[in-house]
Every structure is written in C-alpha cells, then in structure tokens.
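Residue numbers (my numbering), protein chains in the order written: chain X, 518 to 757; chain F, 518 to 757; chain W, 518 to 757. Virtual Cβ for every residue (Gly too), placed ideally from N, Cα, C. Everything below concerns the one structure shown next.
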Amino acid sequence: MSTASTHAPAPASVESVSPALAHYTRTALFDGVWKRPGLSPRDRSLVTLAALVALDQTRELPDYVKLALDNGVKPAEISEALLQLAFYSGWQNAVDAALATQPVFAARGIQPDQLAAVSPRLLPLDAAGEAKRARNVSQQFDAVSPGVVQNTTDLLFRELWLRPDLAPRDRSLVTVTALIATGQALAVPYHLNRALDNGLTQAEAGEVLTQLAFYTGWPRVFSALPVFKQVFEQRAANAH
Amino acid sequence: MSTASTHAPAPASVESVSPALAHYTRTALFDGVWKRPGLSPRDRSLVTLAALVALDQTRELPDYVKLALDNGVKPAEISEALLQLAFYSGWQNAVDAALATQPVFAARGIQPDQLAAVSPRLLPLDAAGEAKRARNVSQQFDAVSPGVVQNTTDLLFRELWLRPDLAPRDRSLVTVTALIATGQALAVPYHLNRALDNGLTQAEAGEVLTQLAFYTGWPRVFSALPVFKQVFEQRAANAH
Amino acid sequence: MSTASTHAPAPASVESVSPALAHYTRTALFDGVWKRPGLSPRDRSLVTLAALVALDQTRELPDYVKLALDNGVKPAEISEALLQLAFYSGWQNAVDAALATQPVFAARGIQPDQLAAVSPRLLPLDAAGEAKRARNVSQQFDAVSPGVVQNTTDLLFRELWLRPDLAPRDRSLVTVTALIATGQALAVPYHLNRALDNGLTQAEAGEVLTQLAFYTGWPRVFSALPVFKQVFEQRAANAH
C-alpha cells in the first residue's frame, strides 16, 4: 500500500544502527500488520495514535498523524482523541501530542471548523445507567476522594463521553488502547464491553491486539489477552 | 488565580489542534482542580512536579517548576524531590528533570546555598523501626539480591529518608505520587501510611488523587483508590 | 574506573539544580553499583541500555551507548538488542533509541558489517519445545486474537529468538529488563528461566536487580524481587 509506505516512519538513520529493525519495520510492520484484513487502516491508525500518545512518544508522531489523516481519520477525531487521552492517560501526554501534531495540521491547512468543537451539543445521556455507575463509585470512594468521584461524574461521564466528535465506539477503542499501553488491564473489561456494545466486533478487537503488540510491545498485549478472552466468554455466556 | 493563569502550561499551539483540550486545561484544570480547597497550591505543585518527573515528561516541566516556585515550593525542596525521584522512579527521570529545571533556576538567580545540601546533618533515625524493616527485607531477599537489600538499607533508609531538606511528610507524598504514576500500587500502603503518620491528612490524601487524576490519568488513580481506601479503613480499625 | 567516569552521564547542569543528585550519581551509581563485583561491566551496560530503551529515555542514551561500547558490548549486540526491545517494549522505543544511537555509531566509524545481519543463519530451533509453546498459546488465545498468536510464532519464536547476533542468555537478559522496566512482572518467570537455562547465574541475576534498582527505580525492582525469589526456589525444588 503506497500510502502507508510513503509515510512509513522508519527514518533512514535507523538503518545505520539496526538494519534488521529497519527491515522488520518495512516487512512485519508496514507491509505486514498494517495490511492485515480484519481491521481497517483507519482504525489501525486510530489505535496506533492512541498508543503513541498514551506512551508519550512524540518523535515519530507527526508521521503517524499524516498517515492517520491519509487513512481517513478526521482532524476532529484526532483532536477529540487527544482530549480523551488527556483524561485517560495523563494530561501532558495530550499536550505533548497536540504540540507535535500542530505542524502537521498547519501544513495540511486544517481549519478551526474542522476541529472538534469546544462545547458541542452532547449525545443523549443514558440517565439510568449513569446514575447506577455514579452511585457505585460514590458508595465506594466518596469517603476516600470526593473530588475524584465528582470530577468522574461531571467531567467524564456527563461531558467527555457524550461529546459527539469521536463516536462512542472509537472513544472506547482509544480508551482501551490507553489502558493496555499504560498497563491498566483491570479497567479493560468495562471499556472493552462499551466498545463492543457500540459496534466494535470481537474480530476487530482481536486485530487491535495484533496491531498493538507492535506499538505497545508483546508483553502488554499478552497481559491484555486473558482479559479480552474473559470479556468475550462472558458475553457468550450472557447471550444464552 | 493570576499566578496559576500566568504560567498555565497550555501552549497556544494546543488550541489549533484541540481547542477543547485547551479549554479544559483552562477550566477543569487551572481554574478547576488547582483552585479546589483541601490541598494547598504548594502541595498541588509538589505532587504535580513529582508526577511529571516520574512520567519523565519534561516538555512543560519548566513552566511547572516556575509555578511551583510561585506557589511556595522552595528550590531546596525541588532539588531534594528530584533526588527522591531518582531512587523511586528511575535515575534518568531525575537527571532529565534536573536538566529541564536548570534554566528556570538560573533565570530566577537561585544560588547554590538555596539548594539541598549534599551531606547535611541527617534527621534522627528510628533505630528500632529501621532494624525491623531491614530484618524483614533481609530475611526475604538476601538470597535473591544482597545488593538491593544492602543499598536499600545504606542509601535509602539510613540516608535518603533522613535528609532534612524535604520534610518526611513531603518525601512520602512525592514517593506515593511516583508509585501511582508508575503503576506500583502495591507499594502505596507503606508509603501512604508514612505520609499520614507524618502529618498528611486523609482529606489531603484524597485531594492528591483529585489532582493526580489529571496528571497521571484517571485509570492510574482508580487503581490507587481501593488501596487508599484500605489504608484509611485499616487506620480507623487500628484506632479502636 | 576511568572509563566509567569519563562517560559518567551526570551533566554539569544537574549540579546546579540538585548537587546531591550529582553527588549520588558519582558515588552511589558510577563509583558504586557500576563497580560492584558479581556482574561484568559489559552485562551492566547491556541491562542499563535495555532499561533506558524500554523506558524510552533517549536524552543520556548516547553517553550510555559510548559506555557500553567501551565496556565491550559489540555494535551488533546493541543493534540486535534494539530489535528485541522493539518487540518486547514497543516499536517506537527501539526507533527512538536507534535515532539516538546513530551519531555515536557514526562517530566511532562503525561499519555496516559490524551490525547485526538482516537475515542471518538462525540458531537451531528446539522444535518440540516450540511446538508445545505454540500449542499452549494457540489453545488459549486463537479465539481471541489469531493475529497475535500467529505473529508470536512466526516473528518471535521462529525468527527473533533464533537470531545469532545476541546470545540467547543476553536476549533473555534484555527481555527480563524490559519486563521489569515496564511493570510486566508476570511474564518474568518464563524469561528469567530461559536466561538461567542459557547460562546466567542466579548471583548475576541478583546483581541485575541491584543495577536496575537505580535505572528503573526501587519500586519496580521490589515488584520483581518476589518473582525472582519464586523462580530461584522452584529451580532448587526441581533440582531434587
């Protein structure tokens, strides 16, 4: 795929230190996992960006942003994914990523109206589900950190998750990626279930792991595999 | 609060990629959590610096160092917090942070006598408590890594923790922050208890989590919440 | 040791922020742990490089690459360790490290034929052991992520681990280091056992932890200690 190859972030100087790393970048990575069926190049770009942001890896990020735009990720989606990752991987990760992205957006002539709005009309709230979630968290942790409990409700579940410029499926996908990249496997089931509820297929979820094995390293993905397995099996059991 | 606003590390170019990220940086972060009661701006600066150092995020660190100095964190405390974080989050994190801090200290005209001394008179040692700790660790791990056991005693508990230029409460606070930021929740109880023993209130500890949710991301704080809860409950049980 | 001192990565400006950090870098680190017996300077350099790459810490990496070369780590071994760390700590860590290493290799006049070959003659495969491993992983995770399962077999166990330019003992050492640095302690037993099977002594393994306490921070090493202990005890039990 010439698009991927054009932007292949395998700088020439990698070759003069580890020719094998450059080789595998071309073969196993860009001519390999990026071209596998089962997950669109657009989705691969979205989770790859999320992994790089969650790991605060900005050096090659501009090339990956270009590749994401070429693969059909919209500027508003990138913009909004950064906001999601501020909350779910640490604020400065998102700030660092925005600084690294800015020259690419400028070079592509991306205009303010192409970005995610500051205060858009929010998606409808599942009031009953949210009340239940808030009650659970409140009962558990109000006595520990009322501030975290309050911000989780006000900022995350009554605002962030309802923002329309990143589809709920994609928002969950970005979040699951951040959890894997930062080794927070325990929180994966909740967010993976949300992603699956919102249209991600299990086959796609499996391919997300195939992609992330490269970008977060094999061990983090092997920590996620049993968690994914359990979620899949629980959903199968619940379907009966 | 004009101080915080002046140094608000929300570079202009963030706006042109994610206006919403810039917006939430102003509202939820600098006009929000930073202004909450329950934890002083000085303490918020200390834990925020610790989080950035533990995550090796140096890009906006100079602005956060300025903010910390304006909020009343002393140069000697910053200097000493970096030493603590060398041991508790990895040596190069502290070296990277020192390099990023140097221009700020130079611009503020901070003199050598304002920094933490190399070989100060140490705080008194709790000899009985330390002997017990050393015996425990030695029994468990002498056969695995005598070097780690020896350095833990000689460098950490008979030197580092007794250095006077960062109060024991603050040293524990910095350490707990590093543990949360690096996903080492299992070690939190020991250090959180030390912080509480040395004057941190539980309400302050809860606000530390409110602050860190932004800087380490929500999931790492949600991994810490049950650990904090258990520590609080155990202390309540022991008080009876 | 003049070699270590020459390259001691304690930049002068560290001194003007934290004289104590500069002091401990000289004493506890370069005149301390680096000079301990029980693990060769060469091995200390290899695991230190692996830790820095796994933590994506490139600022002082060039100095540590110089030190590694002076300590007898071969360019081909560095080159190959980066490939290993691409798979075991995340692709961009290795790319970032290669970019930081390139000027050092260039300055030392290192030629392409000194680097690890792209497609070398592979070490012999333990076909029975590998078939068993593949069957286990396949049974567990084929239904979750067939792509991860396939790539683990094809790229990792039938290629990467058989590449000759980094000895199996060293490849496992680099991998164990990456697991500790990224907090993936659960995967340590498999790879530590491989390292011990391939000639690493338990005393050396203990010294690896003594070295890594500085570079990955004490808490990550204290998470690894019980895992190392269990592996050592299990091997002792199996020996009877």
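Note down, in chain order, every chain B residue with its Cβ under 9 Å from the Cβ of residue 734 of chain F.
Among the protein chains in the structure shown, which are X, F and W, there is no chain B.
Give me the chain X residues within the contact set of residue 746 of chain F, using Cβ-Cβ distance strictly less than 8 Å, ordered along the chain.
Residues of chain X passing the Cβ test: 657, 658, 660, 661.
In the stretch 536–569 of chain F, which residue ranges form an unbroken alpha helix (DSSP H) of at least 4 residues, counting only runs that do not cross its ends?
The qualifying runs are 536–541.
Would the stretch 694–702 of chain W count as touching the stretch 734–747 of chain X if we require 3 or more Cβ pairs under 8 Å?
Flag = yes, the stretch 694–702 of chain W and the stretch 734–747 of chain X touch.
How about residue 570 of chain F and residue 602 of chain F: are their beta carbons less than 8 Å apart?
Yes. Within cutoff.
Along the chain, where does the alpha helix (DSSP H) that runs through residue 494 of chain F open and close?
This structure does not reach residue 494 of chain F, given that chain F is present from 518 up to 757, and the question cannot be answered.
Enumerate in chain order the residues of its own chain whose CB-to-CB distance from residue 519 of chain X is below 7 Å, with the five nearest sequence positions on each side excluded.
Interpretation of residue 519 of chain X is limited by its pLDDT of 35, a score under 50 that renders its predicted location unreliable; no figure is taken from the coordinates.
Taking C-alpha atoms, which residue in W/727, W/578, W/555 lies nearest to residue 621 of chain W?
Checked all of W/727, W/578, W/555; the closest Cα to residue 621 of chain W is W/578.
Just to make sure I have the definition right: I need the residues of chain F whose C-beta is within less than 7 Å of the C-beta of residue 635 of chain X. Which are they?
Going along chain F in sequence order, the residues near residue 635 of chain X (Cβ under 7 Å) are 536, 537, 540.
Do you know offhand how far residue 631 of chain F's Cα is from residue 609 of chain F's?
Each residue's alpha carbon lies about 23 Å from the other.
Using beta carbons (cut-off 8 Å, strictly below), is residue 724 of chain F in contact with chain X?
Taking Cβ atoms only, chain X reaches closer than 8 Å to residue 724 of chain F, which makes this a yes.
Alpha carbon to alpha carbon, what distance is there between residue 561 of chain X and residue 719 of chain X?
Each residue's alpha carbon lies about 15 Å from the other.
Using the Cα positions of residue 542 of chain F and residue 553 of chain F, report the straight-line distance between them to the nearest angstrom.
Each residue's Cα considered, the two are about 15 Å apart.
In angstroms, rounded to a whole number, what distance separates the CA positions of residue 663 of chain X and residue 650 of chain X?
Their backbone Cα atoms lie some 15 Å apart in a straight line.
I need the DSSP call for residue 591 of chain W, collapsed to helix, strand or coil.
Coil at residue 591 of chain W, not helix or strand.
So with CB distances below 9 Å, who are the chain W contacts of residue 577 of chain F?
Within 9 Å Cβ-Cβ: nothing; residue 577 of chain F doesn't reach chain W, min ~16 Å.
Could you tell me the alpha carbon to alpha carbon distance between residue 701 of chain W and residue 742 of chain W, rounded to whole angstroms?
Straight-line Cα distance between these residues: approximately 13 Å.
Under three-state DSSP, which class holds residue 662 of chain W?
Three-state result, residue 662 of chain W: coil.
Relative to the C-alpha of residue 715 of chain W, which residue among W/687, W/616, W/551, W/675 is closest?
Measuring from the Cα of residue 715 of chain W, the nearest candidate turns out to be W/687.
Using a Cβ cut-off of 8 Å (strictly closer), state whether residue 547 of chain F contacts chain X.
Answer no: the Cβ-Cβ gap between residue 547 of chain F and chain X never drops below 8 Å.
Counting only the same chain and skipping the five closest in sequence on each side, list residues whose C-beta sits under 6 Å from that of residue 725 of chain W.
Excluding residues within five positions, the ones whose Cβ falls inside 6 Å are 564.
Under DSSP, the alpha helix (DSSP H) around residue 704 of chain W begins and ends at which residues?
No alpha helix (DSSP H) contains residue 704 of chain W, which DSSP labels as neither H nor E.
What number of angstroms, rounded off, separates the C-alpha of residue 669 of chain X from the C-alpha of residue 750 of chain X?
Their backbone Cα atoms lie some 29 Å apart in a straight line.
Near residue 568 of chain W, what residues of its chain come up, given a Cβ to Cβ distance below 7 Å and the 5 sequence neighbours on each side ignored?
Only 694, 698, 729, 732, 733 meet the Cβ criterion.
Can you find the residues in the same chain that come closer than 6 Å, C-beta to C-beta, to residue 585 of chain X, ignoring five residues on each side of it along the sequence?
Excluding positions up to five away in sequence, the list reads 562, 566.
Within 8 Å of any Cβ in chain W, is that where the Cβ of residue 574 of chain X sits?
Closer than 8 Å: yes.
By Cβ distance below 6 Å, which residues in the same chain neighbour residue 605 of chain F in space, the five residues on each side in sequence not counted?
692, 695, listed in sequence order.
Per DSSP, what kind of secondary structure is residue 575 of chain X in: helix, strand or coil?
The answer is coil: DSSP assigns residue 575 of chain X none of H, G, I, E or B.
Mapping the DSSP letters down to three states, classify residue 533 of chain W as helix, strand or coil.
The answer is coil: DSSP assigns residue 533 of chain W none of H, G, I, E or B.
Contact check, residue 537 of chain F vs residue 635 of chain X under 8 Å by CB: the rounded distance?
Indeed they touch by this definition, with Cβ atoms about 5 Å apart.
DSSP three-state call for residue 646 of chain X: helix, strand or coil?
If DSSP states are grouped into helix, strand and coil, residue 646 of chain X belongs with the helices.
When we look at the beta-carbon of residue 558 of chain W and count the other beta-carbons within 10 Å, is it buried (16 or more) or exposed?
With 16 or more other Cβ atoms within 10 Å, it is buried.
If contacts are defined as beta-carbon pairs under 8 Å, then residue 637 of chain X and residue 680 of chain X qualify, I think. What distance do you get, rounded to the angstrom?
Indeed they touch by this definition, with Cβ atoms about 6 Å apart.
Going by alpha carbons, who is nearest to residue 530 of chain X out of W/617, W/748, W/689?
The candidate whose alpha carbon is nearest that of residue 530 of chain X is W/617.
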